[in-house]
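Inspection log for the structure reproduced underneath, given as structure tokens.
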Amino acid sequence: MAIDVTEASFAQEVIERSRKTPVVVDFWAEWCGPCRTLGPALEAAEKAREGEVVLAKVDVDSNQGLAARYGVQGIPAVKAFRDGEVAGEFVGAVPKAKVEELFDSLVPSRADELLAQGDELSLREAAELEPRRADIAVALAKARLERGADDDALAAVEAFEGDFAAEGIAARVRLSQRGVAVEAFATLERGHREAALDALLDELSGADEETREDLRKAIVGILSELDPADPLGPKYRKRLATALY
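Numbering (my numbering), first residue to last: -11 to 233.
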């Protein structure tokens, strides 16, 4: 059941609420025919998700300040809020599939839930559900590496060319199979990332072209998973560039 929101209640009912549960806001007006056409699709999408998404309605005639604040120039205008910010939107009486797509983007998929569980069995199921997701493939490969199943780890990520984390794990497996940088990767597994990166950079000296490329990919893969604010990122990217060029 949609909740009616006004300028006075918007901050609490939409912005604050969206920090816990996504809120889809329908900017509409009583005289708007397309609004009445779209409304049932929005209500059905909310009902189907059983409390995972809240639907709110804003009458633009009575709340012109809100409409102006969020750039509403035509109605129906639908904006999805998550964590206090607009996370998706569309304008017009779009097809039901477009409505469902917006609502789906706001709630975790079954694959997301399985990824969060993190065990290998769950990750295998997630990969079957969404086989093109590199983040799932990387998590599955890491789980397989933990039990020493290097070939299976490689199989999980080898199709994801262009994804730095996936290419890094594939390179790591190839290097380990050739007996290169084994101790560096063991150091990484013990949680000593900086020492592992130092060791991998040391391996570049005197390595053949194929090995240097795999070492580069392994290092880039590790760096790709750092927090953007982590100072190790720029430090080791610079050191890697110096070592390679």
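Glycine residues also receive a C-beta, built at the ideal position from the N, C-alpha and C atoms. Being a predicted model, the structure only gives us computed values, none of them experimental.
Only buried fits residue 202, as 16 or more other CB atoms lie within 10 angstroms of its CB. Relative to the Cα of residue 157, the nearest Cα in the group 133, 166, -8 belongs to 133.
Residues of the same chain with a CB within less than 6 Å of the CB of residue 102, apart from the 5 flanking positions on each side, are 110, 113, 114 in chain order.
Residue 155 and residue 205 have their C-alpha atoms roughly 6 Å apart. Taking all protein chains in view, the Cβ of residue 56 is surrounded by fewer than 16 other Cβ atoms within 10 Å, so the residue is classified as exposed. The residue among 50, 30, 20 with its C-alpha nearest the C-alpha of residue -4 is 50. By the Cβ criterion, the segment 159 to 176 is in contact with the segment 134 to 145, since at least three pairs of Cβ atoms, one from each stretch, lie closer than 8 Å.
Distance check between residue 71 and each of 94, 63, 127, 116 places 94 closest, using alpha-carbon atoms only.
In the DSSP assignment, residue 45 falls outside any alpha helix (DSSP H) and lies within the beta strand (DSSP E) extending over 42 to 47. By the Cβ-count criterion, residue 144 is buried, with 16 or more other Cβ atoms from all chains shown falling within 10 Å of its own Cβ.
When DSSP states are grouped into helix, strand and coil, residue 91 belongs to the helix group. Residue 175 sits buried, since 16 or more C-beta atoms from the chains shown fall within 10 Å of its C-beta. In the displayed model, residue 18 falls within coil according to three-state DSSP, outside both helix and strand. Here residue 152 carries a helix assignment [DSSP, helix/strand/coil]. Along the length of the segment 54 to 114, whole beta strand (DSSP E) runs at least 3 residues long occupy 65 to 70, 73 to 79, reported in chain order. Contact check for residue 60 against residue 11 fails: the beta carbons are separated by 9 Å or more.
Pairing residue 45 with residue -7, the inter-Cα distance amounts to about 6 Å.
Listed in chain order, the non-local C-beta contacts of residue 183 below 6 Å within the same chain comprise 175, local neighbours out to five positions each way being set aside.
Taking the Cβ atoms as the reference, residue 23 lies roughly 16 Å from residue -9, outside the contact range of under 8 Å.
According to the DSSP assignment, residue 207 belongs to the alpha helix (DSSP H) that extends over 197 to 212. A distance below 7 Å between beta-carbons, with the five flanking residues on each side excluded, links residue 117 to the following residues of its chain, in chain order: 98, 99.
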